[in-house]
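Taking my numbering, the leading residue of the sequence shown gets 42, the next gets one more, and so forth.
Note that CB positions come from ideal geometry on N, CA and C, so glycine has one too.
Remember, predicted model here, so these are calculated numbers, not experimental data.
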Amino acid sequence: MRLLVLLGALFYLPSMVNAQILFKEEAALLGLEDACGNTYLGNGISFTDYNNDGWDDVSFTTGIGESVKFYKNTNGIFSEEILNLPLINYQTKQINWVDYDNDGDKDLFVTSDTDGNRLFQNDGNLNFQDVTLASGISTANMYSYGASWGDINNDGHLDIFISNRDLDFINTNKLYQNDGDGTFTDVTVLAGVDASALSFCSAFFDYNNDGFQDIYVSNDKFPVKNLMYKNNGDGTFDEVGQATETDVGIDAMTVTVGDYNNDSWFDIYVTNSPDGNVLFKNNGDGTFIDIADTSGTLFESIGWGAVWLDAENDMDLDLYVSGSPDGSYEPYLSAAFYKNIGPDSFEIPTDAGFAGDEASSYSNAIGDINNDGLPEIVVSNNLEDNIFIWNNLTTTSNNWLKVKLEGTVSNRDGIGSVLEISINDNKQYRYTHCGEGYLSQNSESEFFGLGPHTSVDYLKVTWLSGIVDYFYNVSANQLLEVTEGSGTLSLNNQPDLGFNLYPNPVSSFLNINSKILIHSFEILTLTGQRLFLEDVFNKQLTFDISSLPSGTYFIKLKTDSSNNTLKFIKR
Numbered sequence: 042m043r044l045l046v047l048l049g050a051l052f053y054l055p056s057m058v059n060a061q062i063l064f065k066e067e068a069a070l071l072g073l074e075d076a077c078g079n080t081y082l083g084n085g086i087s088f089t090d091y092n093n094d095g096w097d098d099v100s101f102t103t104g105i106g107e108s109v110k111f112y113k114n115t116n117g118i119f120s121e122e123i124l125n126l127p128l129i130n131y132q133t134k135q136i137n138w139v140d141y142d143n144d145g146d147k148d149l150f151v152t153s154d155t156d157g158n159r160l161f162q163n164d165g166n167l168n169f170q171d172v173t174l175a176s177g178i179s180t181a182n183m184y185s186y187g188a189s190w191g192d193i194n195n196d197g198h199l200d201i202f203i204s205n206r207d208l209d210f211i212n213t214n215k216l217y218q219n220d221g222d223g224t225f226t227d228v229t230v231l232a233g234v235d236a237s238a239l240s241f242c243s244a245f246f247d248y249n250n251d252g253f254q255d256i257y258v259s260n261d262k263f264p265v266k267n268l269m270y271k272n273n274g275d276g277t278f279d280e281v282g283q284a285t286e287t288d289v290g291i292d293a294m295t296v297t298v299g300d301y302n303n304d305s306w307f308d309i310y311v312t313n314s315p316d317g318n319v320l321f322k323n324n325g326d327g328t329f330i331d332i333a334d335t336s337g338t339l340f341e342s343i344g345w346g347a348v349w350l351d352a353e354n355d356m357d358l359d360l361y362v363s364g365s366p367d368g369s370y371e372p373y374l375s376a377a378f379y380k381n382i383g384p385d386s387f388e389i390p391t392d393a394g395f396a397g398d399e400a401s402s403y404s405n406a407i408g409d410i411n412n413d414g415l416p417e418i419v420v421s422n423n424l425e426d427n428i429f430i431w432n433n434l435t436t437t438s439n440n441w442l443k444v445k446l447e448g449t450v451s452n453r454d455g456i457g458s459v460l461e462i463s464i465n466d467n468k469q470y471r472y473t474h475c476g477e478g479y480l481s482q483n484s485e486s487e488f489f490g491l492g493p494h495t496s497v498d499y500l501k502v503t504w505l506s507g508i509v510d511y512f513y514n515v516s517a518n519q520l521l522e523v524t525e526g527s528g529t530l531s532l533n534n535q536p537d538l539g540f541n542l543y544p545n546p547v548s549s550f551l552n553i554n555s556k557i558l559i560h561s562f563e564i565l566t567l568t569g570q571r572l573f574l575e576d577v578f579n580k581q582l583t584f585d586i587s588s589l590p591s592g593t594y595f596i597k598l599k600t601d602s603s604n605n606t607l608k609f610i611k612r
């Protein structure tokens, strides 16, 4: 774990907790005076630190004849950067910065609805090679829009779900499983996710909190309603839209996931036509209920992107929604900022800024321009209108915490992890994504508003590997960089995965009893370095670890249906 104290921490003065929210459009002032173009149903945008220098950069897709654009953030000011990348001069939709090969740098994935999708591998110095064909991902035009990354089998390698909007219903959505050697295998049919639909986007998240990533898909119009794929933990999914009551048949655009009511169950916001958006509140029993109307978040316009954020760091999530009406189509909203006034209630404040927010807008994402802990919003506009940067100029004494993950046994980006903080038994939860909202990608740092509190009682990180890290008495107003396995976890409080590992701590012989057949096991260091791998096909194991140096290790157990990771100490 490394602690990086950012701007603002030294200037904290405890005072009142009231805040005056204020967002002001300052793209030109901040150096980003550019446009996505004029593309049918808009372009995607990313607010992710693609060069790993600690500052959230902006990247966005464009229309026919234009290249993908990259704007580097240097101390809060943006400047266009021309990356060493094969030319993309056709219409593009989604952009993902993702470390698919777990080598510590950001690779690039770009979707297109006209010329096929592309995967570019980063050599570590922002030199990119087109590896699409070699990777096994199709280069043919599948009429793709959204792309989201997750780990369907918890093996530490990120897989990809691609949403295709083929008007002829020939190209189904695609799920590619990462083989861990630079290649991907098309498991769409095998996994049971081969729907032919007018799909815009999806999101990986764990709707039932069982430790496996499920997938929710937004579909535009009939005949296919929105889809909820429940991960069975064995490489297959069951479609449970009807059972979960999330199978709405609307002009569904975004999939925006967040826990707006801090109950540990993640909720879904889906945009729609003027008939009204949907806010699916997770009931915690495998079902959802739509509360958009009663909560005040109906929008009743033509909605596209949406994002959850704690605008004033007051410990609850607010909501920002983009719409395609450009301000001249009264009474339809072109955008809306909804302040969380709880419980289950939101309102559009009249004094939160957003002056001139009347463009035809599609994708939006959050990041932190100047590392002050207040989230900003970038918006991709259509009709040749320049991108918006809504600078968060909120006046507040509220405190904050940002958390960035680095996986070792799990995927390097820590995607699919659940973060929990507690302050005086008041909890907040975040879920890490890569590719979320409508064609968007948020900052890798997760934002927590702390209100007047100057510390967090604990931060808990639950990784897809099953490893759980705790950090206690965390100070406010900092970025906390967390490496998997670096936190505190009592050996007697590891998750019950059906394995009995003893003795622990151990000096020489480590024993494992399992309820199910173990196919293989491997031993790893805390940094993820593999020390030993063996196929076993047994329920009882005993092996000699006396030659290992003293320290803490992971043991990864593979069964027919799952990968499971436990921690042990060598004396």
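- Inclusion of residue 259 and residue 229 in the CB contact set at 8 Å is not warranted, their separation being larger than that value.
- If only uninterrupted alpha helix (DSSP H) runs of at least 4 residues are considered, none is enclosed by the stretch 512-591.
- Residue state for residue 230 is assigned as helix, using DSSP reduced to three classes.
- Residue environment analysis places residue 447 among the buried positions, since at least 16 neighbouring C-beta atoms fall within 10 angstroms of its C-beta.
- Around the CB of residue 330, fewer than 16 other CB atoms lie within 10 Å, so the residue is classed as exposed.
- As summarised for the stretch 113-172, the continuous beta strand (DSSP E) elements at least 3 residues long and confined to that stretch are 118-121, 136-139, 148-151, 159-163, 169-171, given in chain order.
- Ranking 604, 136, 61, 597 by CA distance to the CA of residue 563 puts 597 first.
- Residue state for residue 218 is assigned as strand, using DSSP reduced to three classes.
- Of the residues 282, 301, 595, 234, the one whose Cα lies closest to the Cα of residue 387 is 301.
- Nearest to residue 417 by C-alpha distance, out of 65, 59, 61, 60, is 65.
- For residue 336, no beta strand (DSSP E) encloses it; the enclosing alpha helix (DSSP H) starts and ends at 333-336.
- For a cut-off of 8 Å, the C-beta gap from residue 100 to residue 109 is around 7 Å, short enough to register as a contact.
- For residue 438, the closest C-alpha among the options 467, 355, 314 is that of 355.
- Bounds of any beta strand (DSSP E) do not take in residue 282; it lies within the alpha helix (DSSP H) bounded by 282-285.
- The beta carbon of residue 555 sits closer than 6 Å to the beta carbons of 540, 580 from its chain, once the five residues preceding and following it are set aside; these are given in chain order.
- For the set 551, 545, 350, 235, the Cα lying nearest the Cα of residue 584 is the one of 551.
- The distance from the Cβ of residue 428 to that of residue 75 is about 6 Å, consistent with a contact at the 8 Å cut-off.
- When DSSP assignments are scanned along the stretch 357-411, the uninterrupted stretches of beta strand (DSSP E) that are 3 or more residues long and fall wholly within it turn out to be 359-364, 376-381, 402-408.
- Apart from sequence neighbours up to five positions away, the residues of its chain that approach residue 282 with a beta-carbon distance below 7 Å are 266, 267, 268, 269, 288, ordered along the chain.
- According to the DSSP assignment, residue 265 belongs to no beta strand (DSSP E), since it is labelled neither H nor E.
- Residue range 185-191 is occupied by the beta strand (DSSP E) that includes residue 190.
- One Cα belongs to residue 573, the other to residue 195, and the distance between them is close to 19 Å.
- Fewer than three pairs of CB atoms, one per stretch, sit closer than 8 Å, so the stretch 217-226 makes no contact with the stretch 240-255.
- Residue 257 sits close to residue 244, with the two beta carbons spaced by under 8 Å.
- When the Cα atoms are used, residue 557 and residue 434 turn out to be separated by approximately 55 Å.
- A direct Cα-to-Cα measurement between residue 326 and residue 212 gives close to 34 Å.
- Following the DSSP letters along the chain, one finds residue 503 inside the beta strand (DSSP E) bounded by residues 496-503.
- With fewer than 16 neighbouring CB atoms inside 10 Å of its own CB, residue 264 falls in the exposed class.
- Around the CB of residue 175, fewer than 16 other CB atoms lie within 10 Å, so the residue is classed as exposed.
- In the three-state scheme derived from DSSP, where H, G and I count as helix and E and B as strand, residue 238 is classed as coil.
- Residue 569 has its alpha-carbon roughly 14 Å from the corresponding atom of residue 592.
- As the crow flies, the alpha-carbon of residue 390 is around 16 Å from that of residue 431.
- Each residue's CA atom was taken as its position, placing residue 332 and residue 303 some 16 Å apart.
- Taking residue 449 as the centre and dropping the five residues before and after it, the same chain places the C-beta of 524, 525, 526, 567, 568, 569 closer than 7 Å to its C-beta, in chain order.
- If you check the CB distance, residue 186 and residue 241 come in under 8 Å.
- Secondary structure at residue 352: coil, using DSSP grouped into helix, strand and coil.
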